[in-house]
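Scroll down for the structure; my scribbles are underneath it.
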Amino acid sequence: MIHGPQSDNNTIRGYCISKDTETMRLFVARREGLYLLNPFSTEEVPKKIASGEFIYGVGFDYGDRKLFWTDRLAHAAFTADIKDNGEIEHIRKLDLKSLIYPRNLAVDWITNNLYIVESGSRRIDISTYNGERRTVLLADGLTLPLDIALDPLHGDMFFSNQFKLEAAAMDGTRRRVLVDTHTHQVSGVTVDIPSKRVYWVDPKVDRVETVDYDGNDRRTVASGMISVPHPFGLTIFDQYLYWTDWTRLGVVKVEKFGSESQVVWSNKEGAVFPMGIAAYHPMSQPGPQHSECFQKTIDNPCANADCQGMCLLGKDIGGFGVGYRCACPIGQKLIDGRRCVPAIDYLLFSSNKVVRGIYPSIIHKSLAEAILPISPVSQRRIGMYFAVECDVHGGSFFYADIMDNTVFRVKPDGEGSAPVLVTHNDGLISMSFDWLSKQLYYIDNIRNSLEVVKISEQFLPFQGLVHPDQLVHRQLLKGLRDPISVVVHPWRGQLFFSESERPAKIWRCDIDALNCVVIRNTTLGRPSGMAIDFAENKICVGDTLLKTISCMDFDGNNWSVLPVDSPLPVSITILNDQIYFVHQRPYSIRRISKRFGGTPTIVRDFSEEERSIFSLKGCTMANQPIPDPSKTHPCYEHDCSQLCFGVPNPTQGSDQTNLIRKCGCKQGFKISGTDNKSCIPDSNEKVEPLCPRNSTHFLCANGRCIPDAFKCDGENDCLDNSDELDQNGKSCYVETPCPSGTIKCNNTKKCLPEAYACDGENDCGDNSDEDVKYCKGGHLPMCGAKKFQCDNHRCLPESFACDGENDCGDASDEKIELCQNVTCAPNQFTCGNGRCIPVYWLCDGDNDCYNGNDEDKNRCPPVQCRSDQYRCANGRQCIPLKYLCDKNDDCEDGSDEQSCLLVEGACASDQFKCVTSGICIPKNWKCDGVQDCEDGSDEPASACAAPQCPDGHFKCDNGRCIFNVS
């Protein structure tokens with residue numbers, strides 16, 4: 001590399017010019033293929049070196065001659081060897097599970113690690129080149145990560161996060177926001193290592209910008225929908241920036257200090273958008289041999305590191321030099337800074353779209369993931385993960401998808417994923433595992449039942465259920481009143497569950513669900529979360545309606561409300577000496593002392609991630625204890641043929657055990673009287689059919705029931721692939737022809753009416769319905785009045801031309817010669833960035849200009865709120881009145897909490913304060929005939945007349961009011 005004050009213009013301006021620049025080549029991902037491009041020659045035809053379903057990101061290691069790329073639809077990352085001519089060989093798929101929607105990647109050529117952006121569960125992973133070791137670097141605070149760039153010479157990492165450009169050390173520490181203003185989608189990121197600057201592109205506002213590594217000295221390199229119409233991927237080499245452009249359908253370059261942009265390559269075939277891009281040259285990845293050129297020592301701090309698992313670059317203690325940090329593969333925990341042990345002592349939680357496990361003691365939130373996050377693997381599965389549970393002794397955990405009616409078991413590293421329940425559940429919202437008898441108890445809020453299923457080690461964790469006869473399941477209780485939580489205590493032979501229908505109750509039963517008694521039915525609103533404190537012999541309850549966290553003895557005595565400031569505990573768990581709880585609105589995980597309460601400490605904040613957190617469990621030996629190894633549980637290695645319950649021994653005495661074995665059977669069977677452990681059919685017990693709608697549904701081999709339309713469609717809906725096999729065990733999926741009078745789309749294979757063919761409209765989405773073969777007589781359609789005709793003969797509204805977006809698909813509506821002198825029409829508004837939008841988009845609450853011009857608060861009137869809403873002080877937001885003065889900032893400007901009169905210990909105006917406990921209950925609970933306060937102060941005989949039921953209700957003898965349906 002040549003640098004310093006030379007006579008040529010480039011180095012005078014501060015460039016470092018590489019030797020043999022003409023040998024640089026570009027790797028370009030173009031969804032359907034990976035291309036090798038010579039940017040210095042318009043005569044040389046780019047080579048397609050690999051094919052794929054949706055190739056997104058691309059990177060390389062020049063020294064090791066390795067190429068890497070991601071395929072979003074294949075849910076995978078690939079590697080290949082690069083030959084001397086730039087072509088590749090030995091293509092191999094990396095064994096990386098849970099890559100749901102991989103985006104871009106970056107290569108650390110110093111330590112041979114890959115950094116992969118995974119947007120399905122919003123995280124950044126690190127993997128070795130061969131994929132044998134991988135971990136999760138970051139998984140918090142990521143809303144739309146798209147691209148990542150590395151500077152291993154300084155240990156720095158830069159990545160996009162929707163509206164933000166962020167930076168961190170390469171080990172995830174020292175995370176900071178570089179840019180979060182005047183951006184609307186940061187899509188492509190690259191670094192200029194010699195000048196220590198980071199560049200990014202924003203396709204929403206058609207800009208290429210740069211800042212230094214500290215986020216200072218922000219400059220615009222190029223802008224405007226003519227020069228930068230729709231940039232996406234970005235790379236740099238010497239003095240030029242190269243980006244993929246969705247409007248030009250190719251690669252565009254510009255000098256990094258600013259110049260006229262130039263189209264390097266364009267490929268309009270198929271109207272396929274180009275994605276990632278990488279500049280292939282030795283000086284793109286400086287190594288130790290370039291230390292003198294860069295005037296700094298370039299070495300590998302991990303070369304002599306004593307890390308058992310993985311070694312990552314980072315910062316040294318001072319934060320200026322390059323250091324390293326040991327890490328463990330996912331599913332393991334780092335101890336002593338170097339050694340790895342199986343994952344333990346972590347928080348497992350579920351939400352919409354993702355299941356995660358974190359080590360709460362890791363403060364900086366990098367390398368804090370204990371499990372490989374779980375996300376939906378197909379668009380057909382929504383991924384509403386409502387309940388989770390640990391199996392500490394089995395080294396695994398359970399999660400339930402309430403929309404898919406399935407419970408899975410999987411190891412923390414993602415291995416051994418298998419369904420353990422695929423039927424007999426409609427609304428599973430709470431689970432508790434008996435780790436001694438290996439039985440999973442669950443609450444079904446739709447079936448209003450408490451049920452149990454045996455977890456058989458014979459079939460797990462490799463294949464799960466393979467036949468319905470293997471399912472050992474029983475409905476223990478039914479007809480419950482809005483049940484919401486269950487916990488089990490195998491060493492006491494008891495289970496506890498809660499009902500939330502008024503009056504709410506907490507029940508205690510023997511572990512076989514017999515001998516049930518109510519242990520709590522006062523000062524309860526909605527006991528949505530329960531946790532057993534095995535060390536203190538207590539059960540703790542989170543109440544989202546009364547906003548309390550309380551603990552009591554197992555018989556309901558010694559009820560104690562912890563002093564916590566207005567918690568909304570959706571779910572609670574215990575880890576060490578702390579109670580962790582999910583706080584609702586905004587969703588977060590918080591912790592308090594289990595003995596003293598206090599001001600909650602926020603462990604994770606999800607307010608910016610638009611996630612609802614449902615369930616929380618502490619995966620630790622203390623929550624599934626073996627208190628005395630010398631004493632065995634009656635159901636440990638039992639000889640019951642199906643279910644085993646360790647129930648309290650009714651015979652008392654010093655020579656008697658606390659628990660005795662009681663065998664049970666699955667639904668439709670009963671215990672044989674000959675040995676009291678084998679099961680025989682019970683003709684008196686009704687068995688729930690696996691597939692009640694046989695005429696419209698298909699019964700899978702494992703007992704799962706799916707719509708008939710899902711059979712032989714190429715997707716494993718049964719989870720055992722039995723819906724995709726014929727009687728001979730071969731694939732039954734065949735592409736069926738479209739009926740007469742219709743045409744088939746190339747992308748979705750859907751059939752459309754012939755009238756949709758060759759009509760100038762892209763009905764298929766890939767323009768395959770506009771193929772000339774469908775046009776009558778071979779005559780292409782002509783567009784009508786007020787329409788713009790694309791070169792591919794599509795018809796668009798005139799306003800779509802020269803709007804900076806490739807609406808035609810072939811970019812003919814954004815040709816430079818067509819758009820270079822364009823002005824907005826009289827019925828359009830001109831944004832500050834040159835965009836044209838309809839005037840009726842002004843002040844509609846949407847940022848259509850992408851720079852806020854159309855929503856200027858000085859021009860736009862305040863929004864109008866309904867009578868049951870509060871208008872925030874900024875005039876741009878409405879919130880429900882019930883959120884006013886609730887100690888949560890619901891307005892963006894916090895104005896809903898600024899004028900509130902807060903009195904310590906006082907209840908709100910719509911609440912009543914119990915005299916003895918001081919608990920606040922809804923005001924309409926006073927004098928309603930149900931004692932909600934422990935001291936009965938809400939139902940004083942002197943002040944409360946006999947409660948009357950409203951019209952249309954019937955009054956029961958116990959004072960309850962129910963609907964009168966007669």
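In full-length UniProt numbering, the protein residues as written are 1 to 966.
From the three backbone atoms N, C-alpha and C, an ideal C-beta is built for every residue, glycine too.
Using the C-alpha atoms, what's the distance from V201 back to V208?
5 Å
Element boundaries [alpha helix (DSSP H), containing N292]
Note on identity: in this sequence residue 292 is Glu, with Asn being the wrong assignment. Note, E292: alpha helix (DSSP H), 291-294.
Return helix, strand or coil for C819, following the three-state DSSP convention.
helix
Just how far apart, CA to CA, sit S51 and E32?
6 Å
DSSP state of Q470 mapped onto helix, strand, coil
helix
What did DSSP end up calling F963 once you bin it into helix, strand or coil?
strand
Please report how far the alpha carbon of L241 lies from the alpha carbon of S731, in whole angstroms.
48 Å
Which residue or residues does DSSP assign as beta-bridge partners of W243?
L234, V252
Can you confirm whether A825, when its beta carbon is compared against all beta carbons of chain B, has any partner nearer than 7 Å?
Among the chains of the structure shown, chain B does not appear; only one protein chain is present.
To the nearest angstrom, report how far apart residue 978 and T135 are at their CA atoms.
Outside the shown range of the chain (1 to 966) lies residue 978, about which nothing can therefore be said.
Residues in its own chain within less than 7 Å of D890 by CB, not counting five upstream and five downstream?
I879, Y883, D896
R447, enclosing beta strand (DSSP E) - first and last residue:
That residue, R447, is in no beta strand (DSSP E); it is neither H nor E in DSSP.
Could you name each continuous beta strand (DSSP E) segment of 3 residues or more that falls completely within the region 497-553, going from the start of the chain to the end?
505-510, 517-520, 527-533, 538-543, 548-552
Which term fits K786, buried or exposed, when burial requires 16 or more other beta carbons within 10 angstroms of its beta carbon?
exposed
In chain order, which continuous runs of the beta strand (DSSP E) of length 3 or greater are located wholly inside the region 688-746?
697-699, 705-707, 742-744
Taking the C-alpha atoms as reference points, what is the distance between D245 and R174?
32 Å
Would you identify the three-state DSSP class for E754, choosing helix, strand or coil?
helix
Might you give, ordered along the chain, the residues of its own chain that have their beta carbon closer than 7 Å to the beta carbon of R13, omitting 5 neighbours on each side?
Reliability of the predicted coordinates at R13 is poor, the pLDDT of 39 falling under 50, and no value is obtained from them.
So, for R492: in the same chain, excluding its five sequence neighbours on each side, which residues have a beta-carbon less than 6 Å away from its beta-carbon?
none
Does the distance from the C-beta atom of A149 to that of A106 stay below 7 Å?
yes
Going by CA-CA distance only, name the one from P567, P490, M384, E609 that's closest to residue 969.
Here the chain has residues from 1 to 966 only, and residue 969 is not among them.
Can we say the region 606-625 touches the region 379-393, given the rule of at least three CB pairs closer than 8 Å?
yes
Comparing C-alpha positions only, which one of K438, H424, S430 sits nearest to S396?
K438
Identify whether N924 lies in helix, strand or coil by the three-state DSSP scheme.
helix
Less than 7 Å between C-beta atoms, sequence neighbours within five positions excluded: which residues of the same chain meet that for F462?
Note that F462 scores 49 on pLDDT, short of 50, meaning its location in the model is unreliable; the coordinates nonetheless yield the value given after this. Only G416, A418 meet the Cβ criterion.
Quick one: is C900 buried, meaning 16 or more other Cβ sit within 10 Å of its Cβ, or exposed?
exposed
CB-CB under 6 Å to T601, same chain, minus the five flanking residues each way: which ones, in chain order?
R591
My assumption, with CB atoms under 8 Å, is that P274 sits in contact with R30. Please give the rounded CB distance.
5 Å
Quick test of the definition: if touching needs 3 or more C-beta pairs under 8 Å, does the region 303-310 touch the region 261-269?
no
Separation of C836 from F78, as counted between CA atoms:
42 Å
Pair within 7 Å by beta-carbon distance, I921 and D928:
no
Could you give the distance in angstroms between the alpha-carbon of I317 and the alpha-carbon of T297?
17 Å
To the nearest angstrom, report how far apart E608 and V117 are at their CA atoms.
19 Å
In terms of alpha-carbon separation, which member of I455, H489, A343 lies closest to R474?
I455
Cα-Cα separation, W507 to V410:
31 Å
Which stretch, first to last residue, makes up the beta strand (DSSP E) that contains L67?
66-71
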